[in-house]
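A short worksheet on the structure shown next.
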Amino acid sequence: MSSENQIVKLDIGGTVFKTSKSTLTRFDGMLKVMMETEIPVTKDESGAIFIDRSPKHFDLILNFMRDGDVELPDSEIEIKEIQKEAHFYMLHGLVDKCLEKFIGKPKEIPKLLRTIDSDSELLQIISLVVKPVLVFHCPVNSFGCIDFPLGFNVNEFLEEHENRFKIYFKPFKTDGISMASEWKWTVYTGKYSIESPTKDPRQTFEESLEQHLRDCINGF
């Protein structure tokens, strides 16, 4: 049997899956790294590679790796779960597919949000900083709507953070379809600004944002 046809056993959270090495190495990501490098791996008592993740959507993940495509469910809750697992396994194609699932369902900008409509307005706001200003730069599609990052609950975020930050949303137009992955943010403190860094592909937008805002708060 060739190396590519080698059968590999994976113990995902207590459930054992069998697949070929060629499937696991088809796309760049964590599983390919595990198969092609000397990175240390944990094995269970049967010799299967153990990964401490939920097995719930791993069948779907394997099917994506086999075919390069997969039918996603309509449930937004399940899409969030699948996207989170895709982030963990660093399968960027599946992450993008989860995001694209809801492109056809754009959400209008909630009226309660404070928006900034021009660079001059932004300059006025950040020149009079009393408490740190958080500005979200959010893409607007050709229908005049914004696609919010998957799983990002704006109202909950505002309730949790508006006591620490003055929060604004600065829409910008895109050519055609806007992608939620194009969202960026900047924190202005009056002395300096902090821009959203390159996101860890294993994290959702909100996970990355919360992590860096904690660092910002500790640095104030």
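Sequential numbering of the sequence shown, starting at 1, is according to full-length UniProt numbering.
Ideal Cβ positions, reconstructed from N, Cα and C, are used throughout, including at glycine.
Since the model is a prediction, treat every value here as computed from it, not as a measurement.
Over what stretch of residues does the alpha helix (DSSP H) that includes residue i continue unbroken?
i    : result
H137 : No alpha helix (DSSP H) contains H137, which is instead part of the beta strand (DSSP E) from 133 to 140.
T37  : Segment: none, T37 is in no alpha helix (DSSP H) and carries neither H nor E.
F157 : 154 to 161
I82  : 76 to 88
V95  : 92 to 100
D119 : 119 to 126
Anyone know if the C-beta pair for residue i and residue j falls short of 7 Å?
i    : j    : result
F136 : F169 : yes
R53  : I12  : yes
I126 : C138 : no
L128 : V187 : no
Y89  : M30  : yes
T15  : L62  : no
T37  : M65  : no
K101 : V140 : no
K191 : K166 : no
V95  : Q83  : yes
A48  : K97  : no
If you follow the beta strand (DSSP E) that residue i is in, where does it begin and where does it stop?
i    : result
D200 : Taken as a continuous stretch (DSSP letters only), D200 belongs to no beta strand (DSSP E), as it is neither H nor E.
S22  : First-last for S22: 21 to 24, but that is the alpha helix (DSSP H), not the beta strand (DSSP E).
F169 : 166 to 173
F58  : First-last for F58: 58 to 67, but that is the alpha helix (DSSP H), not the beta strand (DSSP E).
L10  : 7 to 12
T189 : Taken as a continuous stretch (DSSP letters only), T189 belongs to no beta strand (DSSP E), as it is neither H nor E.
F27  : Per DSSP, F27 belongs to no beta strand (DSSP E) and is neither H nor E.
F50  : 49 to 51
How many whole angstroms separate the CB atoms of residue i and residue j, which I take to be in contact at a CB cut-off of 8 Å?
i    : j    : result
L158 : T204 : Actually they are not in contact, since the Cβ atoms of L158 and T204 sit about 18 Å apart, beyond 8 Å.
S181 : L99  : 6 Å
G93  : F27  : 7 Å
Okay, do the segment 53 to 73 and the segment 113 to 128 touch, 3+ Cβ pairs below 8 Å being the bar?
The segment 53 to 73 vs the segment 113 to 128: no contact.
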